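Using our numbering, the final residue of the sequence shown is 366, and nothing's skipped along the way. Cβ atoms here follow ideal geometry from the backbone N, Cα and C, with glycine treated the same way. Computed from a predicted model, the values in this text were never measured in an experiment.
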Amino acid sequence: MISAPFHAGERALQMQAGSREQMAFAGPRVIRDYMPDQHREFFAQLPFVVVGSLDANLQPWASVLAAPAGFAHSPDATHLRVDAVPAAGDPLAGQLAQGAPLGLLGIEPHTRRRNRMNGTVESLDATGFMLEVQQSFGNCPRYIQAREPVFAAARTDSAPVQWLDRLDLAAERLIGSADTLFIATAYPEAAAAGDEADARSHGVDVSHRGGRPGFVRVDEGGVLTVPDFNGNRFFNTLGNLLAHPRAGLLFIDYDNGELLHVVATAEIVLDGPELAEFEGAERLLRLHVEHALRRPAALPLRWGDAQLSPHLAGTGHWATARG
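Structure follows, in structure tokens:
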């Protein structure tokens, strides 16, 4: 049991939302410093995991590793081995080092299951790396679009990685039509001075956000606005951003395997008339894009059409167009 699993940013948002007392009771019971057998078995059946990392400038990045099921496996309850390495051009390649903090999201979209594991790199070699568990916990299935991945034939050509100083039209179209995004955030040691939370609440986290296609609004000047719906009220992602307002986003083109990594600074809109612009939004996340990285056909997985989450019935569309 982790007696104080929530750091200052998470606690502040729990207080604002009226869930602090509930989370103080529930948090130590559901956020563990080991992986229960159910989570260990779950990661071992996945053909991909989403990985959050932190670069030398304390900028989080979201990436994804894919390989035949079993590539992520847990030799014991406090470790997870990943038998995969990032490809050239993946931001994760520069962050993998002994002692580096990583956040992992195991997600199985077609069954709407997901579990999180945050840890540190204990060792690495030419074929993968071993993580020591810091925090392990489950997430609810809300807002996951059901789509099942299949491996695609390997490409014989190698499309170049493209660095974008700002979002171009193709990037805006991918983001503006998305029904899913992944977001990496961090609570680095630099933000934690004087915090009473357990040290295992520090590090990197990566999570999922889902909505109807178009739920991410692309505004002028490279600003993205994302509604935040009712959830588990842990506020892991938003709590990190309150303390360290930098985010790494990942958008996947499910038709061709393109990956778009986006670097942004974040602000959280907790109240005001803007919240009425999206039905079901309890708060808004506004992301100011700094730059992006496009990796064509980088993910060897393809998905069919998605079945939208039934929990989206209580959400709508943006009331105002791009401005």
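Below 8 Å on the Cβ atoms is my contact criterion, and I expect residue i with residue j to pass it. Report the Cβ-Cβ distance as a whole number of Å.
| i | j | result |
| --- | --- | --- |
| residue 362 | residue 320 | 4 Å |
| residue 274 | residue 185 | 7 Å |
Is the distance from the Cβ of residue i to the Cβ of residue j below 8 Å?
| i | j | result |
| --- | --- | --- |
| residue 50 | residue 250 | no |
| residue 328 | residue 248 | no |
| residue 332 | residue 210 | yes |
| residue 97 | residue 282 | no |
| residue 306 | residue 287 | no |
| residue 195 | residue 344 | yes |
| residue 239 | residue 47 | yes |
| residue 227 | residue 140 | no |
| residue 252 | residue 285 | no |
| residue 358 | residue 254 | yes |
| residue 258 | residue 208 | no |
| residue 156 | residue 148 | no |
| residue 180 | residue 63 | no |
| residue 318 | residue 324 | yes |
| residue 336 | residue 206 | yes |
Under the rule that 16 or more other beta-carbon atoms within 10 Å means buried, what is residue i, buried or exposed?
| i | result |
| --- | --- |
| residue 142 | exposed |
| residue 301 | buried |
| residue 203 | exposed |
| residue 242 | exposed |
| residue 353 | exposed |
| residue 151 | buried |
| residue 229 | buried |
| residue 117 | buried |
| residue 100 | exposed |
| residue 32 | Any question about residue 32 goes unanswered here, given that the chain covers just 44 to 366. |
Tell me which same chain residues have a C-beta within less than 6 Å of the C-beta of residue i, skipping the five on either side of it?
| i | result |
| --- | --- |
| residue 119 | none |
| residue 53 | 278, 282 |
| residue 265 | 209, 210, 332 |
Among the residues of its own chain, which have a CB less than 7 Å from the CB of residue i, if the five just before and after it don't count?
| i | result |
| --- | --- |
| residue 153 | 189, 190, 191 |
| residue 108 | 91, 92, 94, 125, 127, 129 |
| residue 60 | 276 |
| residue 299 | 340 |
Leaving out five residues before and five after residue i in sequence, what residues of the same chain have Cβ atoms less than 8 Å from its Cβ?
| i | result |
| --- | --- |
| residue 163 | 142, 143, 144, 145, 174, 175, 177, 246 |
| residue 169 | 128 |
Counting Cβ pairs closer than 8 Å, one from the segment 97–108 and one from the segment 68–83, do we hit at least three?
No contact exists between the segment 97–108 and the segment 68–83.
Check whether the segment 172–179 touches the segment 301–318, counting contact only when three or more Cβ pairs, one atom from each stretch, lie closer than 8 Å.
Short answer: they don't touch.
At a cut of 8 Å, does the segment 210–222 reach the segment 81–91 through at least three beta carbon pairs?
In short, these stretches do not touch, since the Cβ pair count stays below three.
Answer yes if the segment 75–84 comes into contact with the segment 131–147, meaning at least three C-beta pairs across the two stretches below 8 Å, and no otherwise.
Between the segment 131–147 and the segment 75–84, the count of C-beta pairs closer than 8 Å stays below three; the two stretches do not touch.
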